[in-house]
Structures are given as C-alpha cells and as structure tokens.
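Down below is the structure, laid out as structure tokens.
Residue numbers (full-length UniProt numbering), protein chains in the order written: chain G, 1 to 389; chain F, 1 to 389.
Structure (structure tokens):
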C-alpha cells in the first residue's frame, strides 16, 4: 500500500462530497487514473473493461476487474477482499457479451438500479459500448455525466504525492541528461531511446523508475513540426533539431519535461525562438501562485509571445500527477486563456510550450508545483536550446 | 511510407466491400490500429480524439487529427494533404466543446449526414462522449455498430506485414534473452526492465525497435497469480518465479512472447505444470492449419489440460499484428472453445497460456503464423521453465 489507509479514506470522502453536490448517488469511475487514486489498483489491465464503483455512503469503493486480475487487485488495493468484484473470463472478447453486463447485474443485486448514476462520459476506455450496456441494462437509473469529478479531486496533491513526484523529477533529469549525451549525428533514434529508457527505469538507487504513460516523444528534423512523433530507426542528422519529451515515473506519479537539442552549428532563428519561448514560460511561472488563475498564467505567457509576434494556438499546460497510458495530463486545469481555475498550494502542472512553425519547431517545459507564496519547479535542467557542435 | 500505395488501396477496398455487405455508407474508425492500417498515421496522439473516416465510394480515407498533429499526418500518411482534416486546438480539454463537434460539421458540409454511419462502439478511446456528439449532431443519420469490421480486414496479413512481424520476433528474442540474463536474486525489478527495454529498442543492426503497445509485464513471486502486474523497485528473491511477457515491435507490428523463470533450486510442481502447459500449447499448435477453426486449436489445448485435471478459464490466444497502447490483440479471432473462425494462410495469433493457481502461476506463449499447410512460430526460444540455480 503506497499511501496510508487514512489518505485513501480522505480521497473517498472528497469524492463523495463532490458526488453529493452534483446529485450523484453512485459513481462508475472507469478512468484508469481515478481507479488507482480511489483504490490503489495498479496493473496493465486497462485494455479491458474495469472500474471503481463509489456509492455515496459506502465505507470503501468497489474495484471491478476481470478474473485474471483479481490477484493483482488483492495485492495492490487497500480494499477488503469482499470489495473486489470479479467478472468471469468468458466476458472477454465474446461480443455482444460484455463485462458491463455483469456490472449491471451487480448494481441490480445491490438495489442500486434506481439511483442517480454518474458516468465519466469522456474518460479513456469508457467506450460507447460500455455506455449502452449501462443505459439499456439500467432503464430506471438517472444517468448523469459525472464529468471529471474524481480528476478534480486529484488536483491538489498531498505531501506523500508531492514526494513521489519529486522522485519522478529526479528520474526525469537523469533521462534527459542521457538524451542529451546520446543524441548525436549518425546514431539511430531507436538506440537513443534504448539508452533513455534504461535511465528512466533504473532511476536512482533510492527510487526505481516505471513505464511512462506516454512513450518518449522524439520528433526530429521536419518532425519537430509534429510534437507527438516517436523514434524510428532513422539516424540523427547534423544540422537538425530534435525535441525530447519524457517523464520519470515513480509509483505512477509523473514529472514530465521537454527540451530541444540541435546538432551542428548554431542556428540563430532557433536560438532566438527558444529564448523567446523561455521568456514566455518564465513570465507564466512568475504568475504562478495561490489565488491567481490559470488564465493569469496564460495571459502572462501570451503577452510575451505577442510582443515578439509569435502565434501559438495550443494550450500551454495542464495539471499532472498519476498517469497511465495514453496520457499524463489530469484533464482538469488548463493553462489557456479563459481557464479561470484558481491556483492553490500543491496544484501541480506541466507548463509546456510546443512552438510549431510549418516544417520546424522547438519545445521546452517545466513541471511546476504551486507553493505557499509562489511556485517551485520539480526539475532542475537548463531550458536553452542545447547545441552540440 | 511503409507499404506501397497499392497495398493501402487494397486495404481500403477490403474495408469498403465489408461496409457494403453491412450496409454502412460512412465509417468512423476511431481505433488507433485501424487508423494506422487505413492511412499509415503513426504518432502518440491517440490520447485525444482522432479517427479515420471512410466513405464507401471514396478514393482515399480521411485522416481527422488535431492541429498539433497535422504535421505528423502529412509526414506519416500516404494521403493527399486535402484528405488530412485538421481540427483547431481550442477543442482540446474545453468541454463541453469536443473535436467531434467539428467532425459533425465536416460530415454535414459533405452532405453525409443522412447516410448509414458505422461506429466502432467498443474501440478503445471511442468514448461515450464521442458517441453522444455523433448521435446528437447527426439526428438524420442511421447509426450502426460497425463492430470490428476493420479489425477483421486486418486478420490475414500481407507478405510485407509478415516481414515486419518477423523482424519484431527477432527483437522479442533479444529482449527475452536479456531478461533471462538480468533477472537474478537481489536485482531490482525496475533495473531488469531497464535492460530489457534497452534490448527491445536497440533491436538489431538491421531492424530498430519501438515502444510496445503493452509495457513489459513482470509479475513475480505471489504476483505470478496476476498476469498484468508490472515492475516495481522490489528485488527478485531466491525461490520465487517471475513471468516475463514482452514484445519486440517493428513499424508498429508485434510478435509477443511470454516465458517464466525460477530463481533457486528446481520446484517440481512448477516444472511439471510448465511441462503440461507446453504440451497443451503444442497440441494447439499441431492443430493450427488452414481450414481448421480457432475452436479446433482450443479443443486440442484444453484436452491436454483436462487429461491433467488443470482448470483454466481464460482464452488461450488472440490474433496479432499492428499494436498501439493499451493492447496488442486485434480483437477478432480468439483461441477459445466455441470460436468458429476458420484459419487461413497468414492469419497470425498469440497463443498464450496464462496458468493461475491461487497465489502462484506460470506462463508461456508463442506468436504463430498459419502457413500453406500448417503453422510456423515467429520466435525461437525454449518454452521450458528457465531455472537459475
């Protein structure tokens, strides 16, 4: 158990309070991250239907997993065994049969089928098929979109969570240091990622690393115009830039970082663009403190870009914490003009400037924690364009 | 472009023929693997809404991605630029706004809003929210579940695809060899995965590796009862078994493999159970040939287990090929009693025996190709319980 039982109970209470406010009596939380947050469950089993089920008055959530994963739930969750609900293997890939048929049965058995039921309508893996099973199976329930109710409960981190993120950050630094060392002309991209992955898993002697919820992103050359490209077996080329976006992970907590490296002689346009980007990031970071909003941070960031006449349409940050594939964003706070989320102590976000200009781009980012009076960075790694001549 | 334009055109034709048979005029294919299969698109952008759109009479599919990924689509797909449809960044995490609002607009603009539209209802990432956007936005469309129409088109592999899987298999062998070398008493699990990942990315001098659609699974000790657990920073312990499940990946094609290693002195129960499992796998492999069904393979497998009085409820295989997180299964053929899918040449599947017994388990698997007269294994690696005394 990674957290005290008390911490898990506080999480449950926070979620139940929010459920009451929204008039939700039963919550089906399909989001992998939310399931981990509520129960401690941790396994690569999210490719088949699973969820946490929270009754507004329950002492514990239920953890709904397939039979093959029951052992994992007994090992990883803090729950009493009776609260691990196991569905049979004959629900796997035997459509139209579906695990949510069994979930519907469970809900009926417990006489919860007339309740107001919250569903995470846009959560990864909560498919249209799951939704139809619930709607058709529970015609007397009042179905509501619970939106990102549990995600919002995750926004402010506990000290224990911050501790895991700090460990993750040390691992991120190690991974980025390796990246800067191994990215050289003539080296295959895949080989560089092999070394980066090794660093990220080894972590430190104190904190081991884990698989990240996003693969090491490594767009290079023209690919720097497309931030989500991954490594191929092509070689790095002199004169080209490469963006590295990665995250160390510890106990599923992330502290992502993006940097850009240029192989060959200095390219003034890229250097200048990177410096303007860093100035904009710093302006945003300077506005990061309790009481300010995400919008305040975004306004400061874009004010610098406007000064330089740089157009950037995509948001420039999002909250972070627990992560499972395919994403390490929490889907709550956005660093974007108009997001009026108020920053509080221990809100953590990834402030990332993806700058794209036709067939090239540069990128830098920081994982940031809101402190009592301002903010601190999780990582300590120069943001400047790294030039390897 | 990884395949000839002709091969992409054949894929499209196969899908369009199947659409006609099912009375589907427009297909929204949200599945990441299907999108890659139909367009060549390849990036870690599936954490936000994206899809391939196939009109039953179109010359090319459309590739629907966010603005930040347009560059990636131009680089990776075989499509004309006009067939890359780009949605604005202001649709990202600004609910109730959603990229599918724009998709609905596109469909209306093209006057496709009264067509019979197929949706992949249970595809990973096709959320209930996407579905509601389509239903509410296109009230005159006839919505159908296209089920796994494109997945089924992927079942029989081309020679080029088989080539990529053979490269992936060589990488799998390298990864497993590393695993067997580095898993030792006192070694941290995460460090072992660091070495395994390095092997998997380096691949060979000819074929580089890529991120796998499932992380290296590494249940150990009691964890062997739970096949989807991943590495922690705990150390391997003398006397305990560890299951390794991994896949080499080349151009997104997978060839997975599972093996079990025991540290310390031989444990006769585990050795015997492993041998019985291998006998069952071999019986299934012997039934693998064109004309036989998945059921024939399953019957042969379970007949051996029945002989030994071993109970196993989960299926024992599934088709494989392209893979993106969270899964490398194709969601079509199942090696399971009652699955009457007929095997044909170049059907490929992962035959995996996950054997769980309360608080312990063993596992072995083979990636298999159906040949003209029988079958061949992609990998060449002993299946026996590997004992390191």
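Don't be surprised by glycine CBs; every beta carbon is placed ideally from N, CA and C.
Should residue i go down as buried or exposed, given a rule of 16 or more other Cβ atoms within 10 Å for buried?
i, result
"residue 1/G", "exposed"
"residue 147/G", "buried"
"residue 328/F", "buried"
"residue 119/G", "buried"
"residue 347/F", "buried"
"residue 161/F", "buried"
"residue 342/F", "exposed"
"residue 205/G", "exposed"
"residue 128/F", "buried"
"residue 174/F", "buried"
"residue 268/F", "exposed"
"residue 365/G", "buried"
"residue 84/G", "buried"
"residue 238/G", "exposed"
"residue 20/F", "exposed"
"residue 339/F", "buried"
"residue 151/G", "buried"
"residue 308/F", "exposed"
"residue 17/G", "exposed"
Does the separation of the CB atoms of residue i and residue j fall below 7 Å?
i, j, result
"residue 362/G", "residue 201/F", "no"
"residue 164/F", "residue 254/F", "no"
"residue 351/F", "residue 317/F", "yes"
"residue 33/F", "residue 42/F", "no"
"residue 122/G", "residue 138/G", "no"
"residue 232/F", "residue 189/F", "yes"
"residue 9/G", "residue 40/G", "no"
"residue 274/F", "residue 176/F", "no"
"residue 263/G", "residue 185/G", "yes"
"residue 428/G", "residue 301/G", "Absent from the structure is residue 428/G, since the part of chain G shown begins at 1 and ends at 389."
"residue 360/F", "residue 214/G", "no"
"residue 223/G", "residue 229/G", "yes"
"residue 240/F", "residue 260/F", "no"
"residue 13/F", "residue 153/F", "no"
"residue 117/G", "residue 143/G", "yes"
"residue 115/F", "residue 26/F", "yes"
"residue 66/F", "residue 87/F", "yes"
"residue 46/F", "residue 326/G", "yes"
"residue 322/F", "residue 252/F", "yes"
"residue 354/F", "residue 247/F", "no"
"residue 38/F", "residue 58/F", "no"
"residue 314/F", "residue 349/F", "no"
"residue 55/F", "residue 126/F", "no"
"residue 278/G", "residue 242/G", "no"
In chain F, which residues lie with their C-beta within 8 Å of the C-beta of residue i?
i, result
"residue 203/G", "190 and 233"
"residue 121/G", "127, 128, 129 and 132"
"residue 46/G", "326"
"residue 124/G", "47, 124, 125 and 127"
Run down chain G in chain order and give the residues with a C-beta less than 9 Å from the C-beta of residue i.
i, result
"residue 315/F", "89, 90, 92, 93 and 94"
"residue 392/F", "Limits of chain F in this structure are 1 at one end and 389 at the other, which puts residue 392/F out of reach."
Anything in chain G within Cβ reach of residue i, meaning under 7 Å, just list it in chain order.
i, result
"residue 193/F", "201"
"residue 75/F", "222, 223 and 226"
Anything in chain G within Cβ reach of residue i, meaning under 8 Å, just list it in chain order.
i, result
"residue 198/F", "194, 195, 197 and 198"
"residue 43/F", "226, 228, 229 and 230"
"residue 147/F", "95"
"residue 331/F", "93"
"residue 318/F", "93"
Any idea which residues DSSP pairs residue i with across the strands?
i, result
"residue 360/G", "357/G"
"residue 198/G", "Residue 198/G pairs with nothing; no bridge assigned."
"residue 369/G", "348/G and 376/G"
"residue 235/F", "188/F"
Applying a beta-carbon distance threshold of less than 9 Å, which residues of chain F neighbour residue i?
i, result
"residue 71/G", "219, 222, 223, 224, 225, 226, 227, 229, 356, 358, 359 and 361"
Using a C-beta to C-beta distance shorter than 7 Å, which residues of chain F count as neighbours of residue i?
i, result
"residue 334/G", "93"
**Study point:** Residues from the region 206 to 217 of chain F in contact with chain G, defined by Cβ distance under 8 Å
**Key:** 207, 208, 209, 210, 211, 214, 215, 216 and 217
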